[in-house]
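Going down the list, the sequences are from chains E and Z. Numbering of the first sequence is given in my numbering, commencing with residue 208 and proceeding in unit increments. Numbering of the second sequence is given in my numbering, commencing with residue 41 and proceeding in unit increments.
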Amino acid sequence: MALLDIKNVSKHFGGLKAVDQVDLTIEKGQIYGLIGPNGAGKSTLFNCVAGSFAPTSGKILYNGEDITGWKPWNICRNKIARTFQIVKPFQTKTVLYNTVVGSFIRTSNTSEAEDMAMEVLKKFHLADKCNVLAKNLTIADRKRLEVARAMATDPDMLLMDECMAGLRHTEVDETLNVIREIRDRGVTIFMIEHIMRAIMSISDRITVIQFGRKIMDGTPQEVANDERVIKAYLGESYGAA
Amino acid sequence: MNPGSKKKNIDTLLKIIMAVFVFTLPLWLTSPAYLQILIFLFLFAYLTTTWNLVGGFAGVLPLGHSAYVGIGAYTSTVLFITYGVSPWMGMWVGGLIAAIVGAIIGIPTLKLRGAYFALSTMAFGEGVRVLVENTMTVGPCVINGPRGISIPLIPGNNLAAYQFVSKVPYYYIILIMLIIALFITWYISRIRPGYYLAAGGEEPEAAQALGVNVAKYKVWAMALSCFLTALGGTFLAQLTLYIYPKQILGLDFSFELAFIALIGGRGTIAGPVIGALILRPVGEFARIYLSAVLPGLHLVIYGLVLIFVMLFQPRGLVEPLTRFYDWILNKISGTAPGKEVKS
C-alpha cells in the first residue's frame with residue numbers, strides 16, 4: 208500500500224490554479240523528488256500535504272487514512288514532519304530549545320524531551336552547539352537545525368522544502384548523506400529541490416510539475432531524458448533540438 | 041572549595057539576604073507613604089508579571105489589561121456590597137469572569153499579529169471603560185457609572201473583610217501574590233506549555249509544523265493571565281477602598297504595564313520586577329515633584345526612558361543587569377569571568 212496518496216488535488220487562489228489536479232503516489236521507504244520551474248506550485252502542493260492550506264478539491268491519503276484539510280499540528284502528530292523553504296528557527300532560543308519543541312510531541316516531561324532532543328542533535332552533528340542561540344548559527348547549521356527539529360518529532364515521513372538551496376558544494380554532499388541516513392532509519396522522504404545534481408542522484412522517483420499541472424513522473428533517468436521536462440525548464444526551442 | 045561552587049553559594053546567600061530584606065522591610069520602614077509606594081511597586085510588578093504570560097511568552101502586545109483589573113475590582117466589590125461576600129471569595133469569582141472574558145476576546149484576536157492584536161485589545165479595554173461609565177446598575181448591583189463605588193469601611197484591621205488600617209498587611213499580601221505569580225511564570229517556562237507558547241509566539245508556522253496548536257496555547261495563556269490580573273484588581277480595590285472607571289479602567293493603566301514589561305524585559309521572569317523597580321519610583325517622584333510644573337509629566341518621562349531602553353537595550357534592562365549581577369558574583373567569589381556556572 209502506498210504511504211502517501213495524493214489524488215486529483217487542486218488548490219486555487221482566486222482565479223489562479225496554483226495546483227491543478229495533481230496525482231502522486233509515494234511508497235514507503237522511497238526518496239521522492241518534486242521538481243518544476245519557479246512558481247510551478249511545488250510549495251503549494253507541499254503546504255496542502257502539510258496542512259498549511261486545505262486543498263480546493265481532491266483527496267490526500269496517508270497510510271490509507273484521509274488527511275485532507277487536517278490542521279498542521281494534527282498532521283505532525285500523525286507522523287508527517289516538514290521543513291520550510293525559508294528556515295524558521297526560534298531565533299532567540301538555543302539550538303537545544305528549538306529541538307525540544309519538536310521532541311515534546313513524544314513526551315510531556317521536560318528532561319526526557321531534552322534527552323531525546325540531544326539524541327537527535329548528536330545524529331545531526333549539532334550537539335556541541337546545543338547552547339548556541341539559533342540566530343547566531345550559520346546558514347548551513349540553520350538548515351541542519353530545521354531538519355533536526357523536524358526529525359525530533361519522530362516522523363515516518365519527512366517533507367523537505369528546498370533544504371539545499373544556498374548551500375556550498377560540499378555542504379550539498381553532506382546534506383545528501385544526511386538524507387540517505389534518514390531514509391535508512393525508515394523515514395520516507397518527499398522533497399522539493401532545485402539543485403538538479405542533488406535531486407537526480409538521490410531520488411528513487413521524481414514528479415515534474417509546471418503551471419500547477421503534473422507533466423510526468425518516473426525515475427530520474429526517465430525524467431532527465433523526457434522532452435517535455437527539457438521544454439519546461441529550458442523553453443520550446445531547446446525541446447526541438 | 042572550587043570557585044564555581046563558591047560562586048553558587050554566594051549567589052544563594054545574596055538571594056537569601058534580598059528575601060530577608062524584602063520580608064523585614066516594614067519592620068523598620070514605618071512611613072505609610074513609603075510603604076504605599078512600595079505596595080504599588082509590587083502591585084505593578086505583579087500585574088506586569090501576569091501580563092507577561094501573554095505579552096511576553098505568547099509574543100503579542102496586549103494593551104487592554106486594565107479591563108481585567110477592572111473586572112476583578114468591580115466583581116469582588118459589588119459582591120461584597122450587594123451580598124456581603126468576602127472579597128477573599130469574590131476575587132475568585134472576578135478571576136473566573138476575567139478568564140472567561142479573556143478567552144472569549146482571545147479566541148478571535150490572538151490570531152491577529154503585531155499591531156492588530158494590540159489595537160483590538162486596546163479597543164476592548166476602552167470599550168469596557170465607556171460601558172462602565174455609562175452603566176448605573178447591573179441587575180441588583182449598583183456600580184454608579186463614572187462616579188465609581190466606595191467600599192463601606194470596616195473598623196480596624198479586618199482580615200476577613202480584606203480591609204486594614206495599617207499598610208503592613210497589604211504589603212505582605214501583595215508580596216506573596218507577586219512571589220506566587222513569579223513562581224507560576226517560572227514553572228510554566230520550564231514545562232511543555234511554556235515551550236509551546238514561546239515557540240508559537242516567535243514563529244507560529246514553524247511551531248504548528250512541530251505539532252503545536254498555537255492558538256489553543258495562546259488562549260489558555262490569555263485566560264490564566266486575565267485570571268491572575270483580576271486578583272490584582274481586587275487587591276487594588278481593597279487597598280484604595282474606592283474604585284472608579286478612570287482610575288482602574290484607563291488606557292494609561294494598560295500602557296504602564298506594557299511600559300514596565302518592555303523596559304524590564306519582555307518574556308523574562310525577572311523583567312517585570314526590574315521594570316517596576318526602575319519605572320515606579322521614577323513615576324512616583326515625577327508625580328510628587330513635577331506635577332506642579334506640568335501634570336502628566338511622569339508619562340513623558342516614561343516615554344523617554346522607554347525610547348532610551350529600546351535604543352540601547354531592545355530586549356530590556358534584564359540583560360545588562362544579569363551581566364552586572366554575574367560580574368559582582370565573580371568579583372566576590374574570585375571566579376574568572378566567562379566560567380559560567382549553571383544555576
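Virtual Cβ for every residue (Gly too), placed ideally from N, Cα, C. This structure is a prediction, so every number in the text was calculated from the model and none was measured.
Cα atoms of E/V436 and E/I422: separation of roughly 7 angstroms, rounded to the nearest angstrom. If you draw a 10 Å sphere on the C-beta of Z/H105, you find 16 or more other C-beta atoms in it, and that means buried. As the crow flies, the alpha-carbon of Z/S294 is around 14 angstroms from that of Z/R320. For E/Q417, the beta-bridge partners assigned by DSSP are E/R420. Interface residue (Cβ-Cβ distance to chain Z less than 8 angstroms): E/F220 is not classified as such. With its beta carbon at least 8 angstroms from every one in chain E, Z/V62 lies outside the interface. Contact with chain E is absent for Z/Q353, since none of that chain's Cβ atoms lies less than 8 angstroms from the residue's Cβ. Against chain E, the CB of Z/Y227 has no partner CB under 8 angstroms away; the residue lies outside that interface. Residues of the region 246-257 of chain E that bring their beta carbon within less than 9 angstroms of a beta carbon in chain Z comprise A257, in sequence order.
Taking every protein chain shown into account, the CB of E/L352 has 16 or more other CB atoms within 10 angstroms, so this residue is buried. Residue contact with chain E for Z/Y235: present (Cβ-Cβ distance below 8 angstroms to some residue of chain E).
Contact fails between the region 211-229 of chain Z and the region 322-331 of chain E, because fewer than three Cβ pairs, one in each stretch, are under 8 angstroms apart. At a cut-off of 8 angstroms between beta-carbon atoms, E/P279 makes contact with chain Z.
E/N281 has its alpha-carbon roughly 41 angstroms from the corresponding atom of Z/P360. For the C-beta of E/F397, not a single chain Z residue is nearer than 9 angstroms; the gap to the nearest is close to 14 angstroms. The alpha-carbon of E/E369 is positioned some 23 angstroms away from that of E/T275. For E/S315, at least one C-beta of chain Z is nearer than 8 angstroms to its own C-beta.
Z/P186 has its alpha-carbon roughly 19 angstroms from the corresponding atom of Z/L119.
Buried is the label assigned to Z/Q248, since at least 16 other Cβ atoms lie within 10 Å of its Cβ. Taking all protein chains in view, the Cβ of E/K336 is crowded by 16 or more other Cβ atoms within 10 Å, so the residue is classified as buried. A distance below 8 angstroms between beta-carbons, with the five flanking residues on each side excluded, links E/P262 to the following residues of its chain, in chain order: V216, S217, K218, V226, C255, T275 and G276. In this chain, the alpha helix (DSSP H) harbouring Z/Y211 covers V208 to I228. Scanning chain E for C-beta atoms nearer than 7 angstroms to the C-beta of Z/E243 yields K295 and F297, reported in chain order.
By the beta-carbon neighbour count (other beta carbons within 10 angstroms, threshold 16), Z/Y235 is buried. The C-alpha of Z/G110 is placed about 15 angstroms away from the C-alpha of Z/I191.
Using a Cβ-Cβ cut-off of 8 angstroms, Z/L302 does not count as an interface residue toward chain E, since no Cβ of chain E sits closer than that to its own.
When CB distances to chain Z are screened at a threshold of 7 angstroms, the residues of the region 342-366 of chain E falling below it are R356 and T360, in chain order.
Distance from the CA atom of E/T301 to the CA atom of E/E321, rounded to whole angstroms, is 12 angstroms.
Assigned with DSSP and collapsed to three states, Z/T308 falls in coil, not helix or strand.
When C-beta atoms of the region 270-278 of chain Z are compared with those of the region 202-214 of chain Z, three or more pairs fall below 8 angstroms, so the two segments count as touching. Apart from sequence neighbours up to five positions away, the residues of its chain that approach Z/A139 with a beta-carbon distance below 8 angstroms are A263, L264, C266, F267 and A270, ordered along the chain. Secondary structure note for E/I213: it is in no alpha helix (DSSP H), and the uninterrupted beta strand (DSSP E) holding it is L211 to F220. With 16 or more other Cβ atoms inside 10 Å of its own Cβ, Z/L93 counts as buried. For Z/A310, no chain E residue has a Cβ inside 7 angstroms of its Cβ, as the nearest lies near 16 angstroms away. When DSSP assignments are scanned along the region 286-347 of chain E, the uninterrupted stretches of alpha helix (DSSP H) that are 4 or more residues long and fall wholly within it turn out to be 302-310 and 317-330. In the structure shown, E/E434 adopts helical secondary structure according to DSSP, grouped into three states.
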